[in-house]
Amino acid sequence: MKEFKVKFRGVRGSYPITKKEFLKYGGNTACVEISVGGNLIILDAGTGIIELGNELMCDYINSSTDKKNRKSINAVVLLSHIHQDHIQGFTFFNPLHLKTSKIDVFGMSDFDEDLAQEFSTLLFGKSFPLDLADIACNIDIHNIQDTDCIVLKKGELPVVKRVENGEEIKPQGEDVVITCYKSPAHPQNGVLIYKIGYKNKSVVYATDKESYEGGDKKLAKFARGCDLLIHDAQYLTEDYLDVYAPKQGYGHSTFDMAIKAQKQAKAAKLVFYHYDPSYNDKKLDKIKDDYFKDENVVMAHEGLEIKLL
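Here is the structure:
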């Protein structure tokens, strides 16, 4: 299936918000669904993943009246990092509780820490009625570094390859290729920036990163010529530089930083993402009016779909 579609499920940072003044853009935390080459890829597991899981369950039930013939749910979850707003929806992702589901989770670990152990400690056991070992589905949790590349072939298990000497692995045929690099520009242990390539198209997911004086040269190189750049835009510059409560060092970018990143990377389209939870619809509409002189700059909102193929 020659499809490459991006759908935004949660676009907030920090914590979810449910007030009526936040309905237009949505109040769920970070989650982006990507349907590509017959594969389902989920970027981060904030509260936005919950409704995605509910929809997948409906599709599963509707696929057949006979349980034995229902189409199983297979997904690859890519975690930028394991701060609360990027994992808090995971335990409520209902496909986890189906024996027929196959879920592969990828994320970084630090030195002797194991991602599966971190998950078990943070999300299960004392903080949830089930332990990780009690989850019904077939789940594999993988530690990856920015020297790794994930190759998805339809109908096969993900394959992790080591990237040597900065070589670039390009998609072949129907393969989906996922590469990443670690940005240190977010407390406590940085984040993984992901690039997903299929055919001649690519999307880069760069959330929870702060930019630098002169821009982020490493991101510009990594995202060079991508078709879609999803970039952290948590703050207005005036809030970022506020005299009394500055946000410098918080590990998040401004809208202006995101624009600069798009220009330096020569990305075809930019999506502002990961809004501060205090920014209501009125404020985001004002930002939209101020920034949208370019049709290739888009405000993320829940339900937004962008088709690359």
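Under the working numbering, the first residue of the sequence shown is numbered 501, with each subsequent residue one higher.
Ideal placement from N, C-alpha and C gives every residue a C-beta, glycine not left out.
Please read all numbers here as calculations on a predicted model, not as lab measurements.
- Using a Cβ distance threshold of 8 Å, D708 and D675 do not count as a contacting pair.
- Counting C-beta pairs with one atom in each stretch, the stretch 623-639 and the stretch 593-608 have three or more that are closer than 8 Å, which means they touch.
- The residue among N562, D612 and L556 with its C-alpha nearest the C-alpha of H597 is L556.
- Excluding sequence positions up to five before and after I587, its CB lies within less than 6 Å of the CB of A545, all in the same chain and listed in chain order.
- In the DSSP assignment, A575 is bridged to I603.
- Here N689 carries a coil assignment [DSSP, helix/strand/coil].
- When the alpha-carbon of A530 is set against those of I806, H801 and P687, the nearest one is in H801.
- The closest CA to that of G714, considering only Q764, K682 and K747, is found on Q764.
- The Cβ atoms of E503 and L809 lie closer than 8 Å to each other.
- At least 8 Å separates the beta-carbon of F522 from that of D790.
- Here S711 is buried. Its C-beta has 16 or more other C-beta atoms within 10 Å.
- Take the alpha-carbon of E805 and the one of V511: they are about 13 Å apart.
- If you check the CB distance, V660 and I644 come in under 8 Å.
- The C-beta distance from C649 to I693 rounds to 14 Å, too long to fall under 8 Å, and the pair is not in contact.
- Beta-bridge annotation (DSSP): E805 is paired with K507.
- Of the residues V704, G526 and P671, the one whose Cα lies closest to the Cα of V771 is V704.
- Taking the C-beta atoms as reference points, H686 is found nearer than 8 Å to H581.
- When the alpha-carbon of I534 is set against those of S683, D631 and L543, the nearest one is in L543.
- Taking the Cα of Q584 as reference, the smallest distance to any Cα among L632, P516 and G538 is reached at P516.
- K747 counts as buried, since no fewer than 16 other beta carbons sit within 10 angstroms of its beta carbon.
- Counting along the chain, Y681 sits inside no alpha helix (DSSP H); it lies in the beta strand (DSSP E) bounded by residues V676 to S683.
- In the same chain as K788, and ignoring 5 residues on each side of it, the C-beta atoms closer than 8 Å to its own belong to M799, in chain order.
- CA-CA distance, G690 to E656, rounds to 31 Å.
- Our two residues, Y525 and Q762, have alpha carbons roughly 22 Å apart in a direct line.
- Within the stretch 703-736, the complete beta strand (DSSP E) segments of 3 residues or longer fall at 728-732, listed in chain order.
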